[in-house]
Structure formats: C-alpha cells, structure tokens
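Trainee: Note that the UniProt record's numbering numbers the sequence shown so that position 88 is 88, with each residue one more than the last.
The beta carbon of each residue, even a glycine, is placed where N, CA and C say it ideally should be.
Everything numeric in this text was worked out from a predicted model, so none of it was measured.
After the structure tokens below, expect a handful of questions from me.
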Amino acid sequence: MPTLTTRVSGPAAIVGGLLWVAVVLLHAARPVGCVGAGCAVSRMRSPGPWEAPLLVAAALLLGVAAAALVTAARATGRWGRLGRRGVLAAAAGFVVLALGGGLQSLVYGGDWSAMPLFVGPGILLASVRLVLVGVAVLRARVISSWAGVALVAGGAAMLASNEQTALVLFFLPFGVGWVMVGIAMLTARGAAEPSREPAKGHEHAKGPSMRKARARERP
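Shown next, in the form of structure tokens:
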C-alpha cells in the first residue's frame, strides 16, 4: 500500500498516540471534578497548562496517520458504507466537542455546567467513528489484524470514559491503539521494501539463460 510505506504516517501515528497517552495521564493527575448534580456545589476538572498544546499536536499527528489509513483502505475498493459512516460520525463528534470546548473556555471561563451535554454526544460519535473506521480498515486489510483490533478496542473503550473522574483512563487504549497502528505501518513498509531486491536479482539471473535459449533457437 503506497500510503502505508511513507516515512510520515507510521511515526505520526506512534508519536501522536504517545502524546495522547501523556495528555490522559496529565489530566488524570489533576483533582477530580464534579459529575451531574455535584456540579452545583463543586467545580469541574479543568485542564492543565500543557494539556491543550499536547492535545493539539496529538490531534494533528493522528489526523495525518488517519488520512493515510483511509486513503489506503479506499484504494483497495473494500472501504464501503461502513467506512464512510465512520468518517461522518467522526466529523460530527469532533464538531460537537470543539463547539462545547470553545464555549466553555471562551464564554464560561473553563467551568460550564452544561458541558456534559456536549462531551457525552461528542465522545459517543467519536467512539462510534473509531469502531466503524477500525472495522473498515480490518476488512480492507491494509495493516496487520492485531493493529486493527487495537484501534477498534480503543474506540470502544472511550464509551466508558469520563474526563471528570478516574474513568478518564479509559481514553488510554485509544492512544495505545494508534501506537500499535504506527508500528504496523512501519512493519508493512519494512516488509515491502526488501522484497523488490530479490525480484531484480532474479531477473538478472534469468537474463543470461534466456539469451542462450534464444541463441539456440536461431538457425
């Protein structure tokens, strides 16, 4: 798969996944926030100074890796409706999360009781997206099956997450899944590159014998 043999998509998936893991661990180390009715008397868990820039960097890198996966899967002709629905669900989920996060930061100073109304649907849509895209990638067979399974598991785990409590750790499998996808990309590249050399040597080896055969056929 040409898109999986580039020098960019594999490292982007690995570094992006590691940055995601770092963001989750940093957020989990902060004081637990409120949930539901408890937000009337206590504050929500707010992000630290490093979380936002690290999250942006992770999102950009994972976007590069995801684009490579989608392009390679579509090129096989086995992408189908499942993959398209996954991409649409992802777009909707990220729009909802971005809208809620923007309102909370710019209008409500980082503490907005209605934020769960955006986080819940946003995470649900993003999780559904990851599961659908992961299944579509598995069907397209553009990476090793274990990496595709890790991607599906990461998306499914997000359904149980809550960034205000210890359940924020359920975001970790998402980052780990992308690290495994990146390793699979690099493995696919490494396996594809050496295979060209024996073919060339084989052709050269055939050259003299073919010329001798043609010489014998001449009158």
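Can you find at least 3 beta carbon pairs, one from the stretch 57 to 69 and one from the stretch 176 to 185, that sit closer than 8 Å?
Mentor: Verdict: yes, contact present.
Trainee: Is A140 near A184, with beta carbons less than 9 Å apart?
Mentor: It is not a contact, given that the beta carbons lie outside the stated cut-off.
Trainee: If you run the structure through DSSP and keep just helix, strand and coil, what is A29?
Mentor: Looking at A29 - three-state DSSP - the assignment turns out to be coil, as it is neither helix nor strand.
Trainee: Classify residue 220 as helix, strand or coil using the three-state DSSP reduction.
Mentor: As shown, the chain starts at 1 and ends at 219. That puts residue 220 outside it, with no answer to give.
Trainee: State yes or no: is the C-beta of G28 within less than 9 Å of the C-beta of L54?
Mentor: The amino acid occupying residue 28 in the given sequence is Ala; Gly does not appear at that position. It is not a contact, given that the beta carbons lie outside the stated cut-off.
Trainee: Using the C-alpha atoms, what's the distance from V128 back to A157?
Mentor: Looking at the two C-alpha atoms, the distance is approximately 11 Å.
Trainee: With a threshold of 7 Å on Cβ separation, who are the neighbours of G16 within its own chain once the five nearest residues in sequence on each side are excluded?
Mentor: Hits under 7 Å: A58, L61, L62, A65 and W178.
Trainee: Just mark R43 as buried or exposed, buried being the case when its beta carbon has 16 or more other beta carbons within 10 Å.
Mentor: Answer is exposed; the Cβ neighbour count stays below 16.
Trainee: Return the chain-ordered ranges of every alpha helix (DSSP H) run that is complete within the stretch 130 to 174 and spans a minimum of 4 residues.
Mentor: If we require 4 residues or more, the alpha helix (DSSP H) runs fully inside the stretch 130 to 174 come out as 145 to 157.
Trainee: Just the Cα atoms here: how many angstroms apart are N162 and V131?
Mentor: Roughly 18 Å separates the two Cα atoms.
Trainee: What number of angstroms, rounded off, separates the C-alpha of L19 from the C-alpha of W146?
Mentor: Distance between the alpha carbons of L19 and W146 is about 21 Å.
Trainee: Residues in the same chain with beta-carbon distance under 6 Å from A150, minus the five sequence neighbours each way, listed in chain order, please.
Mentor: Here the set comprises G177 and M180.
Trainee: Out of curiosity, what's the CA-to-CA distance linking F174 and V35?
Mentor: When rounded, the distance between both Cα atoms is 23 Å.
Trainee: Near T76, what residues of its chain come up, given a Cβ to Cβ distance below 6 Å and the 5 sequence neighbours on each side ignored?
Mentor: Answer for T76: A140, listed in chain order.
Trainee: Relative to the C-alpha of L172, which residue among A12, V24, V8 and R7 is closest?
Mentor: Minimum Cα distance to L172 is reached at V24.
Trainee: Can you give the Cα-Cα distance for residue 239 and V133, rounded to whole angstroms?
Mentor: No answer is possible for residue 239: it lies beyond the span of the chain, which begins at 1 and ends at 219.
Trainee: How big is the Cα-Cα spacing for P11 and S46?
Mentor: So the two alpha carbons sit approximately 30 Å from each other.
Trainee: Using three-state DSSP, classify M180 as helix, strand or coil.
Mentor: It is helical.
Trainee: So V135 packs on L69, CB below 8 Å; how close in whole Å?
Mentor: Rounded, the Cβ-Cβ distance is 12 Å, inconsistent with contact.
Trainee: Tell me which same chain residues have a C-beta within less than 7 Å of the C-beta of W50, skipping the five on either side of it?
Mentor: Excluding sequence neighbours, W50 sits near L26.
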